[in-house]
Each structure stands twice: as C-alpha cells, then as structure tokens.
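What follows is a short report on a single structure.
Residue numbers (the working numbering): 1320 to 1619.
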C-alpha cells in the first residue's frame, strides 16, 4: 500500500489540535505517516500533541519537530523536506476536521491517472464556526481554471490538497522566500504540466475562528490588495520563480504568459498588453476589472 505523508503545521493551536489529529487517525486509508512541525507556539500545543501521541501509542506513526516562527508557508516547506519518502502528500491545518474517506478517495483517483505528471486532488470542503455547530458547504467556482488564470487566482486550498510525487518534486524546489503561498504555487505547476480534480462529496470542514493561521483565500484579498498598492507584487515573484524553475518545460504560449508578469520595472508596452489581453485573467468578473486596472498602472 502506497504511503501518504500528512503534513501538519501548528501555531498556538491548543484549542482544536487534538480533534484534528483524531480525524486524521480515523482515516480509512491505513498507510499514513503524520509529520507535525510547531511554528513557535507560545501555548501548550506541543505538549498536547506529544501527550496525544503517547496516550494513543502512535509514536511509530508520528514525527514531531519544533522551531521558531517562520510563517505557515515556510513551515510547510520544512515539513516537505522532513517527509521526503512516500508517494503522496496531504497538507493539513491544525484546526480543521477531516471526514474518514478523505485520503482513501484521493488515492483511488491518483491510481487511475498517469503518475508521471503532477497530480492534485482537492477535497470539497464546508465552512464551520468555532465549535462546528453551524456548517455550510463552500461554493466552488471553477470556471475553466487554466495556466493564465493561475497567475492571478488560486482555486485550491492547501489544507484540502493531496499531491503526488511529481508535483511534490517540483514544489519542493521553489524558493519559499519568493512564492507567497505553497498551495498557489502548486496550482500554477499543476495547471501548466499536470491534472487536478475536485472530490464529488465534502470531505473536510474548515473551522473559522479568530486565530486561524492560514485563512481562506477570500479572506486574503483585502491585505493582498493593500500589499499590491504598496508595491509588493507577489504576482511577479511567483512568475519569476516559476520561470527560473521551469523555463525549459514550458511551451511557447506558457512562456509568453509568464513573461508578462516577470518584469519588475514598469513597461507601458507590457502593461497595455496585459490590460487588453484577449482572454480572462480571473474567474470573477469584478476581480477581472480590478486586476486590469492594476495592470495598467504597473501594480501587477
């Protein structure tokens, strides 16, 4: 049976971590190893994780590491480096809950595909309040997500992703000081070279509360817009890193799209070309207008 590595980055998660670990250990897929890295918690998270492992006699199934606070994306990068063996990798937030078939369904789909390309399995999710007394299905908007849209939007949530070896090998090479979110960079990779699928049923609940370390993408839009206006062009950083890693693998069309985002210095010619690009950059029409306005003034 192929091994799945579950990567859990924790930070001050004492309130919910045990419930999440229980949901991982209740998976119907049995060949699972869990890697936990604590990102500098100041509460009792590490103590609770170690106690849970000890009381349930799971020392063979878990590997636990601690470190300074470097942020959730870089923390996941370190977890990927720790978990370099196996066939599949699943990213996990500390305060969510997984349904029992989440991992087995991912593996079933992976096994029906060619394994020599990047594969990404995305579980459909529901959004719950802090005690999960209210749960609402999250509405996915696919809209023919493709390579050019991946540069300005991300439809995947890291905590609901399972990836294969081909995607892992590409993602781990990235400079996580340059890319903004590991799940977003994985989206660009798989849209260029691989294949993705969404589960048919809801397989996880994302808990919304005041201390989430890695909020949903729509909650990132406001601070991301502020960073753009201040000149922090993470779209350019993503494109430059993608070009550095995969220039030789891209076709001519992909190179053209990537080149539009690479230059940090303002170019009227490039700005006009992006602004009046004939195809959609984003799934949302309202966001599309905002993006094109920012492109014209050189913020993207």
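From the three backbone atoms N, C-alpha and C, an ideal C-beta is built for every residue, glycine too.
For clarity, every value in this text was computed on a predicted model and none was experimentally measured.
Asked, Found
"Taking only the alpha-carbon atoms, compute the straight-line gap between residue 1610 and residue 1431 and give it to the nearest angstrom.", "37 angstroms"
"Assuming residue 1580 and residue 1512 form a contact by the criterion Cβ under 8 angstroms, report the distance between their Cβ atoms to the nearest whole angstrom.", "Actually they are not in contact, since the Cβ atoms of residue 1580 and residue 1512 sit about 18 angstroms apart, beyond 8 angstroms."
"For residue 1369, which of helix, strand or coil comes out of DSSP?", "helix"
"Please tell me whether residue 1415 and residue 1526 are closer than 7 angstroms, where the distance is taken between their beta carbons.", "yes"
"Could you check if residue 1483 is buried or exposed, using at least 16 other CB atoms within 10 Å of its CB as the buried criterion?", "buried"
"Between which residues of its own chain and residue 1582 is the CB-CB distance below 8 angstroms, once the five residues before and five after are set aside?", "1555, 1589"
"Just tell me which of 1619, 1616, 1576 has its CA closest to the CA of residue 1598.", "1576"
"Cβ of residue 1402 within 7 angstroms of Cβ of residue 1323?", "no"
"Can you tell me the Cα-Cα spacing of residue 1342 and residue 1602, whole angstroms?", "33 angstroms"
"DSSP on residue 1499, reduced to helix/strand/coil?", "coil"
"Pull up the DSSP beta-bridge partners for residue 1324, would you.", "1352, 1408"
"Could you name the residues of the same chain whose beta carbon sits closer than 6 angstroms to that of residue 1548, not counting the 5 residues immediately before and after it, in chain order?", "Residue placement at residue 1548 cannot be trusted, given a pLDDT of 46 that sits under 50; what the coordinates show is reported in the next sentence. Contacts found: none."
"From the DSSP output, in three-state form, read off residue 1446 for me.", "strand"
"Considering only C-alpha positions, which residue in the set 1376, 1335, 1350 is nearest to residue 1363?", "1335"
"Considering only C-alpha positions, which residue in the set 1488, 1338, 1522 is nearest to residue 1455?", "1522"
"With 16 other CB atoms within 10 Å as the buried threshold, where does residue 1616 fall?", "exposed"
"Out of curiosity, what's the CA-to-CA distance linking residue 1388 and residue 1360?", "8 angstroms"
"Among the residues of its own chain, which have a CB less than 7 angstroms from the CB of residue 1520, if the five just before and after it don't count?", "1443"
"What does the alpha-carbon distance come out to for the pair residue 1407 and residue 1613?", "38 angstroms"
"Alpha carbon to alpha carbon, how far is residue 1492 from residue 1392? Give it in angstroms, no decimals.", "14 angstroms"
"Pick helix, strand or coil for residue 1603, following the three-state DSSP scheme.", "coil"
"Whose C-beta lies closer than 6 angstroms to the C-beta of residue 1474 among residues of the same chain, with five residues either side of it excluded?", "1464"
"On the DSSP bridge list, what partners appear for residue 1515?", "1439"
"Return the residue from the list 1488, 1487, 1507, 1476 that minimises the CA-CA distance to residue 1569.", "1507"
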